[in-house]
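Visitor:
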């Protein structure tokens, strides 16, 4: 056990003696750096979870912690212990940027009327307006969102509850200078690196980064790329989709060329190919999920794979539950279920792992401006509470669909 650095458990703690020995092992281990526990049965045992959290609070070497906890009832011992742990600064500092309380499963539903949290005041360039937004990044600490405001050539920071946004990159008209952007398609924030904002500057064929401390000018970190989507894995490696080369590359810190991790075999519909890939998602195992726009499917490429597998769509363009039409934003939950913005069908769909068809979770009520409608939905994101965020591109707004816990 003294050489154990990483531990991932999946439904392994249902035997009482295993739970006891696991806590004892944690107390004596001094090398474990990362722990990821998804064990719904084990977490139903109040005594176990209280002992586990008390052990984790005092552990010296663990730097990354991810717990998937369900079935918390008000005023029980589990709730009290969790609250006590969350008040512990050392405990909080080790929490990985992932879901701590995972409310989402295959039966989860969302309220069908979205709340406009940014934009929604018509097309325009004022600070309360957006113009064809493409994607967002949600800061889990305070629900601040960062918006790739495509036709305003800027990145907008929108604080939770605010009526106006703040420009944090670009916003100096369309252009290729260091203080300008041209049609940004995606944005992510590297919170482990001084809140560096990384931007897919599509029109300038580059990926740029902007410091939150000095937002006057950006720095090009990748050139000569038709960037359509960005993602970052838990190690801080950057993934970028190239819609013209039909590939996804991974860049480690300081790398010049990047490594192809999906596609790279020309344009096509074979399992080793893409036709205009755009949005991407990287899971904890570094599998890459890709919205393959023109093939109307979502592909999953496991680490080191030579070809992908279809996890949503792939049955031609259409509006049946087995089809997609120009899929865009894609996110994956802890169970492997795929959530995709079915852009031209104006709906958000969930495809359960291994399923041959999807289900509509919000939208699907025709193109429109009502709270239960979209006009070309694109980017997607969840917050820690399981609320769903949708970039409603054609309506120039960001919609929040609250998780329905009833």
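Residue numbers (full-length UniProt numbering): 1 to 406. Even glycine gets a Cβ: it sits at the ideal position worked out from N, Cα and C.
1. Measuring CB to CB, does residue 288 end up less than 8 Å from residue 282?
2. Going straight from the alpha carbon of residue 117 to that of residue 52, what length do you get?
3. What would DSSP say about residue 50, mapped onto helix, strand or coil?
4. Would you check if the distance between the CB atom of residue 138 and the CB atom of residue 147 is smaller than 8 Å?
5. With DSSP run on the structure shown, which of helix, strand or coil describes residue 28?
6. Going by CA-CA distance only, name the one from 321, 122, 153 and 236 that's closest to residue 183.
7. Out of 266, 393 and 209, which one is the CA nearest neighbour of residue 247?
8. Among 244, 400, 404 and 24, whose alpha-carbon lies nearest the alpha-carbon of residue 120?
9. For the candidate residues 167, 59 and 114, whose alpha-carbon lies nearest to that of residue 493?
10. So what's residue 195 in DSSP terms, helix, strand or just coil?
11. Whole-angstrom Cβ separation of residue 345 and residue 319, contact assumed at under 8 Å?
12. Can you give the Cα-Cα distance for residue 379 and residue 134, rounded to whole angstroms?
13. Where does residue 395 land, buried or exposed, given buried means 16+ other C-beta within 10 angstroms?
14. Counting only C-beta atoms, is residue 60 closer than 8 Å to chain D at any point?
15. In the DSSP output, which residue or residues are listed as bridge partners for residue 227?
16. Which one of 296, 26, 62 and 58 has the shortest CA to CA distance from residue 34?
17. Apply the 10 Å Cβ neighbour rule to residue 49 and answer buried if 16 or more other Cβ atoms are within range, or exposed otherwise.
18. Where does residue 111 fall in DSSP's three states?
19. Please report the distance separating the alpha-carbon of residue 158 from that of residue 323.
20. Among residues of its own chain, excluding the 5 on either side of residue 367, which ones have a beta-carbon nearer than 6 Å to its beta-carbon?
21. Using the Cα positions of residue 402 and residue 383, report the straight-line distance between them to the nearest angstrom.
22. Could you tell me whether the Cβ atoms of residue 111 and residue 404 are closer together than 8 Å?
23. Mind checking who residue 343 pairs with in its DSSP beta bridge?
24. Name the one or two DSSP bridge partners that residue 66 has.
25. If residue 149 sits next to residue 130, beta carbons under 8 Å apart, how far is it from one beta carbon to the other, in whole angstroms?
26. Given a cut-off of 8 Å, decide if residue 170 and residue 188 are closer than it, judged by their beta-carbon atoms.
27. Could you name the residues that DSSP lists as bridge partners for residue 148?
28. Check residue 376 in the structure and name its three-state DSSP category.
29. List the whole-angstrom C-beta distance separating residue 211 from residue 194, where the pair is believed to meet the contact cut-off of C-beta under 8 Å.
30. What residues are listed by DSSP as bridge partners for residue 389?
31. Check this for me: beta carbons of residue 389 and residue 136, under 8 Å apart or not?
Guide: The answer reads as follows:
1. With contacts defined by Cβ atoms closer than 8 Å, residue 288 and residue 282 form a contacting pair.
2. Between the alpha carbons of residue 117 and residue 52 lies a gap of roughly 38 Å.
3. Three-state result, residue 50: helix.
4. Cβ atoms of residue 138 and residue 147: not closer than 8 Å.
5. In this structure, residue 28 counts as helix in the three-state DSSP scheme.
6. Checking every option, the nearest Cα to that of residue 183 belongs to 153.
7. Of the candidates 266, 393 and 209, 266 places its Cα closest to the Cα of residue 247.
8. Out of 244, 400, 404 and 24, the CA that lies nearest to the CA of residue 120 is found in 400.
9. Because the chain here runs from 1 to 406, residue 493 falls outside it and cannot be looked at.
10. DSSP places residue 195 in the coil class of the three-state scheme, outside both helix and strand.
11. The Cβ separation is near 5 Å, so the contact holds.
12. Each residue's alpha carbon lies about 6 Å from the other.
13. Looking at its Cβ environment, which holds 16 or more other Cβ atoms inside 10 Å, residue 395 is buried.
14. This model lacks chain D altogether; it includes just one protein chain.
15. Answer by DSSP bridge pairing, in chain order: 242.
16. It is 62.
17. Buried.
18. Three-state DSSP puts residue 111 in coil, outside helix and strand.
19. Looking at the two C-alpha atoms, the distance is approximately 34 Å.
20. Taken in chain order, the residues that qualify are 346 and 375.
21. Each residue's CA atom was taken as its position, placing residue 402 and residue 383 some 10 Å apart.
22. The answer is yes: Cβ separation under 8 Å.
23. Bridge partners of residue 343: none, in fact.
24. Per DSSP, 36.
25. So it is a contact: roughly 5 Å between Cβ atoms.
26. No, the Cβ-Cβ distance between residue 188 and residue 170 is not below 8 Å.
27. Its beta-bridge partners are 135 and 155.
28. In this structure, residue 376 counts as coil in the three-state DSSP scheme.
29. At roughly 7 Å, the Cβ-Cβ gap stays under 8 Å, so residue 211 and residue 194 are in contact.
30. As DSSP reads the structure, residue 389 sits in a beta bridge with 381 and 400.
31. Against a cut-off of 8 Å, the Cβ pair of residue 136 and residue 389 comes out as a contact.
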